[in-house]
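Colleague: In the working numbering, the protein residues as written are 1 to 761.
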């Protein structure tokens, strides 16, 4: 093994070498945050420490040549997790990445419950707090949350908020958090929840115990939808996964086709500077035959001409037979051109009972976003923006649910409890009053239904199940709002919502048999140790314990893996979890027969490749490896090929020999079947004319193969004696040989004549 040392520039590299905090603290406990900062020369610098994104300390420091230690003091305000970020600014730096370090601190105790509501003053949050739960209510404004933030809660309650207000990445984090760490999820109904809220086919959809499809038997009115798609050049940009933005818009249109019933109608237009009819308005049963054409729409041309798109879609809908008529306009929020007299056109559509929704690819700050919002507002529809093209199919489905209107029943409906209610409540609550409205959903096969409607639908009102390691519960009624009805005035409504939330949060007791689990960061890894009672009686495990790891970052979908704890000594089991880059790891301890035990999240201060290089550390290791293998350090890379040792190599001949044998075998069959090889001119033997023997010279003796002659049977003796003939004198040897040669020449001539005759024929 030869090696060459390659190092980055380290002049003026100020770096945070290490930041140390306790892995876990108790609520109201004070603790120290220590950081070691190394500078190659004395210089002035500024620092700033953030706690959960909020400045906690800042100031100026003198950095000496060498290492300086910084101390910060803090007190854990509440149960959950604390995220600290330390930033050092010392001017120009060749490696700025190691001037920003982060660390996580877990705060042990009963974790609170996160409540996402449409408004900060939701009555549901007050009811839960009145029931003795620690609840933190937050308005759903699209800011989202990371895995480290979710680690500070036992459960989350989504109260009538849209999927867009939660955020696509947050939905993925939330689903993985519930499934892999044993957390809980509760959702309530409303016009911004379930199907109308955009949760159909979202990351949260498989986690819910209810399904949200549009069923034909429960549809009240027929629906006609025309989709006008922007196919301008910007739609050809890649969107990840080998797909373009246009491909995802096509998938969204196919999503609408799948959601509509057989009696509904669908039309599709592709628009650039002019509308192009892809599928004329027809019944969905006939439109399904054109699915391939819809998915095959390509990107071309300039920006979308908005007026032409709306005009063509309106003309197509005027022939519709359905009672509900709707236009879905998909456009680039930064490239929507030629609005024309759209105000007058949209007013005519509204007078004709045609509604218009807009799905804009981009943000509300783009140049044409205000135009798209005004079209949707005047058309009595919705305007949905997304900067993530992968969200387009979900937004198309969300708008379809909202237009169908059959997924939210706004009439007062009686409800009845089932026997499954005993799992959620220790004491029966009695007969609840009627709901003011509910989302029409359907229980999944393995879900438990604790309450259902007493009407033609018999739809689930309370459904729950085990979602991976966690729990998920759906309440399809509206908890706070006009559609809550008499149910919100029920005397036991507080106990009802509190009981549902308690079941979702689960029972996070302490570890059994006086077990203690600890975490430490050592050399880029999180070391988890489970300490057993030395005075225990026998082994406490039937199945060895494991740790479920949930890994995630701001740019990556969360992934999970399982690590087995190994015996380190008679009373300790441990596992070493490698940390990578900027990811956050949420470990969960799993003991057979016990609920999941969540541990504190862990992360590295920064990616390991930006760590300060210790002088000589890598060279010493490589020198030892080279000495063990007979190598050396390469100072000149141009000489590496000359120094490579020459060693004999083996070339396998068996493939060539097998191939040659196969060719010979096939040629032999060909020759026996056709005789083709014997007739080839290049292989035919030609006789050379005999030459006069000039001088006798020595030649190699000719090898002749023995000829097997047929033996004649001996003559049968006769009874009559034959007269004896006088013996003729024997021919001389030269005469016999001449006669033999003449016979052979005659036979060769006959064979040549026969061959010519055969070829001529």
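Every residue, glycine too, gets a C-beta built ideally from N, C-alpha and C.
Can you list the beta strand (DSSP E) stretches of 3 or more residues lying completely in the stretch 363-419, in chain order?
Modeller: Listed in chain order, the complete beta strand (DSSP E) runs (minimum 3 residues) inside the stretch 363-419 are 383-386 and 415-417.
Colleague: Can you round the beta-carbon distance between residue 161 and residue 116 to whole angstroms, since I take them to be within the 8 Å contact cut?
Modeller: As a first step, residue 161 is located in the chain shown; it is residue number 161 there, counting from the start. As a first step, residue 116 is located in the chain shown; it is residue number 116 there, counting from the start. Yes, they are in contact, since the Cβ atoms of residue 161 and residue 116 sit about 5 Å apart, within 8 Å.
Colleague: Who are the Cβ neighbours of residue 598 in its own chain at under 6 Å, not counting the five residues just before and after it?
Modeller: On the chain shown, residue 598 is found 598 positions in, with the first residue counted as 1. So the list reads 181 and 588, once near-sequence residues are dropped.
Colleague: Compute the Euclidean distance between the alpha carbons of residue 92 and residue 520, then round it to the nearest angstrom.
Modeller: One-based indexing of the chain shown puts residue 92 at position 92. One-based indexing of the chain shown puts residue 520 at position 520. Spanning the two alpha carbons is a distance of roughly 34 Å.
Colleague: By Cβ distance below 6 Å, which residues in the same chain neighbour residue 36 in space, the five residues on each side in sequence not counted?
Modeller: As a working mapping, residue 36 is identified with position 36 in the chain shown. Cβ within range, chain order: 17, 18, 67 and 69.
Colleague: Tell me the DSSP bridge mates of residue 327?
Modeller: Residue 327 sits at position 327 when you count from the first residue of the chain shown. Its beta-bridge partners are 226 and 356.
Colleague: Output the boundary residues of the beta strand (DSSP E) element that contains residue 277.
Modeller: The residue labelled residue 277 in the question sits at position 277 within the chain shown. Where residue 277 is concerned, the enclosing beta strand (DSSP E) stretches over 275-283.
Colleague: For the 8 Å Cβ check, are there 3 or more pairs between the stretch 336-351 and the stretch 374-388?
Modeller: Counting Cβ pairs under 8 Å, three or more are found: they touch.
Colleague: Leaving out the 5 sequence neighbours to the left and right, which residues in its chain are closer than 6 Å to residue 332 when beta-carbon positions are compared?
Modeller: On the chain shown, residue 332 is found 332 positions in, with the first residue counted as 1. Once the five neighbours on either side are set aside, the close Cβ partners of residue 332 are 230, 234 and 361.
Colleague: Please report the residue range of the alpha helix (DSSP H) in which residue 294 lies.
Modeller: The count along the chain shown starts at 1 and reaches residue 294 at position 294. Element bounds for residue 294: 291-295.
Colleague: Note down, in chain order, each residue of its chain lying with its Cβ closer than 6 Å to the Cβ of residue 21, except the 5 sequence neighbours on either side.
Modeller: Within the chain shown, numbered from 1, the residue matching residue 21 stands at position 21. Closer than 6 Å at Cβ, skipping near neighbours: 33, 103 and 105.
Colleague: Could you tell me the alpha carbon to alpha carbon distance between residue 636 and residue 86, rounded to whole angstroms?
Modeller: The residue you call residue 636 lines up with position 636 of the chain shown. The residue you call residue 86 lines up with position 86 of the chain shown. Taking the straight line from one Cα to the other gives about 42 Å.
Colleague: If you reduce the DSSP assignment to three classes, tell me which class residue 729 lands in.
Modeller: The residue labelled residue 729 in the question sits at position 729 within the chain shown. At residue 729, the pLDDT of 49 sits below 50, so the modelled position is not reliable; the number obtained from the coordinates is stated separately. Note: residue 729 maps to coil in three-state DSSP.
Colleague: Would you mind working out which of 368, 369, 381 and 364 sits nearest residue 347, comparing C-alpha positions?
Modeller: Against the chain shown, residue 347 aligns to sequence position 347. Minimum Cα distance to residue 347 is reached at 381.
Colleague: I'd like the list of long-range same chain contacts for residue 468, defined as Cβ closer than 6 Å, with 5 residues on each side in sequence excluded.
Modeller: As a working note, residue 468 is residue 468 in the chain shown. Closer than 6 Å at Cβ, skipping near neighbours: 179.
Colleague: Use the C-beta contact count for residue 74: other C-beta atoms within 10 angstroms, 16 or more gives buried, fewer gives exposed.
Modeller: The residue you call residue 74 lines up with position 74 of the chain shown. Burial call: buried.
Colleague: Note down the Cα distance separating residue 79 from residue 108, rounded to an integer number of angstroms.
Modeller: For the purposes of this step, residue 79 is taken as the residue at position 79 of the chain shown. For the purposes of this step, residue 108 is taken as the residue at position 108 of the chain shown. Going by the C-alpha atoms only, they are around 6 Å apart.
Colleague: Just mark residue 308 as buried or exposed, buried being the case when its beta carbon has 16 or more other beta carbons within 10 Å.
Modeller: Indexing the chain shown from 1 puts residue 308 at position 308. When all chains shown are included, residue 308 counts as buried.
Colleague: Opposite residue 100 in the DSSP bridges: which residues?
Modeller: The residue given as residue 100 occupies position 100 in the chain shown. Looking at the DSSP assignment, residue 100 forms a beta bridge with 87.
Colleague: What is the rounded straight-line gap between the Cα of residue 39 and the Cα of residue 95?
Modeller: For the purposes of this step, residue 39 is taken as residue 39 along the chain shown, with counting starting at 1. For the purposes of this step, residue 95 is taken as residue 95 along the chain shown, with counting starting at 1. Distance between the alpha carbons of residue 39 and residue 95: 12 Å.
Colleague: Bridge partners of residue 439, per DSSP?
Modeller: For the purposes of this step, residue 439 is taken as the residue at position 439 of the chain shown. Residue 439 pairs with 408.
Colleague: Which one of 426, 568, 554 and 472 has the shortest CA to CA distance from residue 188?
Modeller: Mapped onto the chain shown, residue 188 falls at position 188. Of 426, 568, 554 and 472, the residue nearest in Cα terms is 472.
Colleague: Quick check: the Cα distance between residue 283 and residue 329, rounded to an integer number of angstroms?
Modeller: Within the chain shown, the letter at position 283 stands for residue 283. Within the chain shown, the letter at position 329 stands for residue 329. When rounded, the distance between both Cα atoms is 20 Å.
Colleague: So, are the CB atoms of residue 525 and residue 586 less than 8 Å apart?
Modeller: The residue labelled residue 525 in the question sits at position 525 within the chain shown. The residue labelled residue 586 in the question sits at position 586 within the chain shown. For residue 525 and residue 586, no; Cβs fall outside 8 Å.
Colleague: Opposite residue 43 in the DSSP bridges: which residues?
Modeller: Residue mapping note: residue 43 aligns to position 43 of the chain shown, counting from 1. Beta-bridge pairing links residue 43 to 63.
Colleague: Could you check which residue in 243, 404 and 349 has the C-alpha nearest to that of residue 324?
Modeller: Within the chain shown, residue 324 is the residue found at index 324, counting from 1. Checked all of 243, 404 and 349; the closest Cα to residue 324 is 404.
Colleague: How do the stretch 164-175 and the stretch 449-460 stand: do at least 3 beta-carbon pairs fall below 8 Å, yes or no?
Modeller: Touching, no.
Colleague: Under 8 Å Cβ to Cβ from residue 201, same chain only, skipping five residues before and after it: list those, please.
Modeller: As a working mapping, residue 201 is identified with position 201 in the chain shown. Only 255, 393, 394 and 397 meet the Cβ criterion.
Colleague: Check each candidate in 267, 318 and 557 and name the one with the smallest Cα separation from residue 293.
Modeller: Sequence index remark: in the chain shown, residue 293 carries index 293 (1-based). It is 267 whose Cα lies nearest to the Cα of residue 293.
Colleague: Can you tell which of 250, 358 and 52 has its C-alpha closest to the C-alpha of residue 384?
Modeller: What you label residue 384 is simply residue 384 of the chain shown in a count that begins at 1. Taking only the C-alpha atoms, the option nearest residue 384 is 358.
Colleague: In angstroms, rounded to a whole number, what distance separates the CA positions of residue 665 and residue 652?
Modeller: Start at 1 with the first residue of the chain shown, and residue 665 comes out as number 665. Start at 1 with the first residue of the chain shown, and residue 652 comes out as number 652. Looking at the two C-alpha atoms, the distance is approximately 21 Å.
Colleague: Which same chain residues, not among the five before or five after residue 768, have their C-beta less than 7 Å away from its C-beta?
Modeller: Examination of residue 768 is not possible in this model, given that the chain is present from 1 through 761 alone.
Colleague: How would you call residue 470, buried or exposed, if buried means at least 16 neighbouring beta carbons within 10 angstroms?
Modeller: Residue mapping note: residue 470 aligns to position 470 of the chain shown, counting from 1. Per the 10 Å Cβ criterion, buried.
Colleague: Using a Cβ cut-off of 8 Å (strictly closer), state whether residue 631 contacts chain D.
Modeller: This model lacks chain D altogether; it includes just one protein chain.
Colleague: Mind checking residue 600: buried by the 16 CB within 10 Å criterion, or exposed?
Modeller: Within the chain shown, numbered from 1, the residue matching residue 600 stands at position 600. Buried, since its Cβ has 16 or more Cβ neighbours within 10 Å.
Colleague: Look up residue 464 in the DSSP assignment and give the residues it is bridged to.
Modeller: As a first step, residue 464 is located in the chain shown; it is residue number 464 there, counting from the start. For residue 464, which the question treats as bridged, DSSP gives the partners 448 and 473.
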